[in-house]
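Contents: one structure, followed by commentary.
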Amino acid sequence: MNKYLCAGVMLLVVASLGGAMQHETRPRGSVSKDPRELPVRKVGHFASAAEAYFSPDGQQLIVTARMEGEENHNVYILNIDGTNVRRITDKGKDACTFFSPNGRYIVFSSTRDADKMPPGDYANSANYPAGSEVYIARPDGSGIRRLTFNTAYEAETSFSPDGRWILYTSNVDGNLELYRMTLDGKKKIRITHTPDLQEGGAFYMPDGKHIIFRAWKKGNEGQKKRISQLYLIRDDGTELVQLTNTPYFNWSPYPHPDGKHVVFAHNATGDFEVYMLNIETKETVRLTYHPGFDSYPVISPDGKTLAFTSTREGPPAIYLMDLSPVISSTDGGVPTFDDDVAQVRTVVLTNALAFERGDFDALARIWAHDDDVVVIESGRMEVGWDEFSEKHLKPELDLLKNVVYRLDNLHVKVKGDAAWAAFNYRFEADVRERHVTGRGTGTLVLEKRNGQWVIVQSHLSRPPRKTQ
């Protein structure tokens with residue numbers, strides 16, 4: 000596997016954090032069965048893929064990947080439907096490739112001129128592999144020019160929104176720091192001066208002034224449970240702000256085009272999952288729900304598609320997730336990630352999943368516990384959490400076995416601290432010696448209390464259940 004990776008220093012480091020890169024044996028074409036995850040599809044047929052980034056028009060992906068039978072990861076460009084795959088480079092180990100905003104150039108890091116240099120130790124910040132240099136080229140692979148000449152680790156490249164600067168990470172001064180340089184490589188400016196931090200995985204925010212990046216404390220590289228945080232800084236090196244403060248490895252941040260959110264990955268669940276962070280409120284919304292490794296998230300220019308790397312079907316591959324159900328637009332047409340809609344969707348789908356699994360404790364965490372609770376189902380009504388939970392919910396969970404309860408056509412509307420959800424559902428269960436099936440429609444009313452969305456009302460309507 001290619002060990003130079005743009006969103007972080009390298010996948011091998013991530014793999015050392017609790018085995019996050021262990022592959023699962025799954026049937027080809029399988030996808031997450033967790034209903035809380037938005038629709039996902041795999042793109043490309045690579046033996047292994049590191050990370051992918053969208054073209055300025057959102058119609059193509061540029062990816063560092065390895066084909067079957069090949070030794071190294073190189074640069075490829077393909078359409079977002081997986082067609083028209085073109086190999087752009089074929090020498091050395093390549094990574095961290097990115098389109099310029101006008102689409103005329105790509106930037107990438109490579110060992111193409113340093114294959115005979117010592118490999119270094121990817122888990123030791125004092126001995127990162129030398130010889131990873133920064134290159135610029137045309138999207139067809141022509142006109143390749145080398146921009147750095149330091150025989151140091153120089154990688155993790157991207158462009159500024161105006162296309163004037165290349166952002167990158169280097170340890171040329173003995174510590175991982177952020178730099179920017181002009182497209183001809185003649186002017187290089189060091190951005191960070193933090194001897195206690197190891198920075199990387201940096202991208203410009205849409206305003207072209209601020210940079211999002213991740214960093215961990217220097218000297219923590221050898222720790223089994225390493226902690227990494229997300230930061231913002233101006234590209235002149237001022238106004239450093241820490242965005243996260245968790246005991247987890249916060250990783251691979253990437254800005255949403257609305258400028259208000261950052262998508263990233265961390266391992267709070269034990270494996271790496273993708274989350275959306277609201278920069279102002281610090282609230283997070285989980286986007287992926289699958290065992291194994293989900294990371295290196297990137298948002299399309301229109302804000303409607305998430306690209307990420309996952310091991311859900313075996314070796315690392317690129318997947319696309321449809322975010323349109325949780326995207327709204329401002330009057331100016333800027334795509335905005337809607338935190339409340341996303342959170343309400345998660346609560347509604349968690350309610351269905353917890354019922355399917357018979358998990359009363361999970362249900363209790365997302366329902367209000369007062370007399371505001373009203374539940375109407377099959378012509379009967381319960382008022383208040385105590386009546387609903389004791390007379391309806393607990394007995395039903397005890398009675399039903401092998402439950403399938405799935406929602407589709409889910410619509411969510413949020414207004415202030417109130418929300419409404421409407422959906423179709425499909426239900427199956429074994430009841431004593433009978434198998435019961437049914438379909439119907441439902442609505443939920445939710446309220447935001449103390450920053451958390453909870454269910455206060457439920458109404459399910461359905462035709463009579465069929466028994467077999």
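Residues 0 to 467 (numbering that gives the first Met the number 0) make up the sequence shown, in order.
Cβ coordinates follow ideal geometry from the N, Cα and C atoms, glycine included.
Here the structure is a predicted model, which is why all the values come from computation and not from measurement.
- Looking at Lys390, Glu67, Val133 and Met275, the one whose alpha-carbon comes closest to that of Ala94 is Val133.
- Around the beta carbon of Arg179, 16 or more other beta carbons lie within 10 angstroms, which makes this residue buried.
- In chain order, Leu60, Val62, Ala306 and Ile317 place their CB closer than 6 Å to the CB of Ala51, counting only its own chain and leaving out the 5 sequence neighbours on each side.
- The residues Glu381, in chain order, have a CB closer than 7 Å to that of Lys390 in the same chain once the five nearest residues on each side in sequence are set aside.
- One thing to note: Thr283 has its Cβ within 8 Å of the Cβ of Leu276.
- With contacts defined as CB atoms closer than 8 Å, Gly302 and Leu319 fail to qualify as a contacting pair.
- Assignment of Glu155 by DSSP, reduced to helix, strand and coil, places it in the strand class.
- Taking the Cα positions, Asp235 is about 9 Å away from His209.
- Closest in C-alpha terms to Gly415, from the list Ala421, Val444 and Ser457, comes Val444.
- In this structure, the straight-line span from the alpha carbon of Asp293 to that of Ile105 is close to 25 Å.
- Close CB contacts of Asn78 within its chain, under the 7 Å cut and outside five residues either way in sequence, are with Gln58 and Gln59 (chain order).
- Within its own chain, the residues whose Cβ lies closer than 6 Å to the Cβ of Ser109, once the five positions on either side in sequence are excluded, are Gly91, Asp93 and Tyr134, listed in chain order.
- Of the candidates Asn101, Thr156 and Ile278, Asn101 places its Cα closest to the Cα of Pro300.
- Secondary structure of Lys393 (DSSP, three-state): helix.
- Looking at Tyr424, Arg233, Gly378 and Asp369, the one whose alpha-carbon comes closest to that of Glu446 is Asp369.
- Beta-bridge partners of Tyr134 (DSSP): Phe107 and Arg145.
- In this structure the segment 252-271 touches the segment 195-214; the number of beta carbon pairs closer than 8 Å is three or more.
- Per DSSP, the continuous beta strand (DSSP E) segment holding Asn401 begins and ends at Leu399 to Lys414.
- Distance between Ala154 and Ala49, taken at the CA atoms: about 14 Å.
- In this structure, the straight-line span from the alpha carbon of Gln456 to that of Gly218 is close to 52 Å.
- Taking all protein chains in view, the Cβ of Arg103 is surrounded by fewer than 16 other Cβ atoms within 10 Å, so the residue is classified as exposed.
- In this structure, the straight-line span from the alpha carbon of Gln241 to that of Ile211 is close to 10 Å.
- In this structure, Val453 keeps its C-beta atom at 8 Å or more from the C-beta atom of Val343.
- Burial of Val347 is indicated by the presence of at least 16 other C-beta atoms within 10 angstroms of its C-beta.
- Glu376 and His458 have their alpha carbons spaced roughly 6 Å apart.
- Spanning the alpha carbons of Ala351 and Pro315 requires a straight line of approximately 30 Å.
- Burial of Asp338 is indicated by the presence of at least 16 other C-beta atoms within 10 angstroms of its C-beta.
- When Ser131, Arg137, Gly441 and Val374 are compared, the shortest CA-CA separation from Ile87 is found for Arg137.
- Note on Asn423: under 16 other CB atoms within 10 angstroms of its CB, so exposed under the neighbour-count rule.
- For Phe426, the uninterrupted beta strand (DSSP E) run begins and ends at Ala417 to Val430, by DSSP.
- Taking the Cα of Asn449 as reference, the smallest distance to any Cα among Ala367, Gly258, Val340 and Glu198 is reached at Ala367.
- Annotation: the segment 150-195 contains no complete segment of the alpha helix (DSSP H) (minimum length 4 residues).
- Closest by C-alpha distance to Thr243, out of Val262, Asp257 and Arg364, is Val262.
- For the set Gly258, Asn266 and Leu399, the Cα lying nearest the Cα of Phe336 is the one of Gly258.
- The Cβ atoms of Thr156 and Leu177 do not sit closer than 8 Å to each other.
- For Ala306, the enclosing beta strand (DSSP E) has its first and last residue at Thr304 to Ser309.
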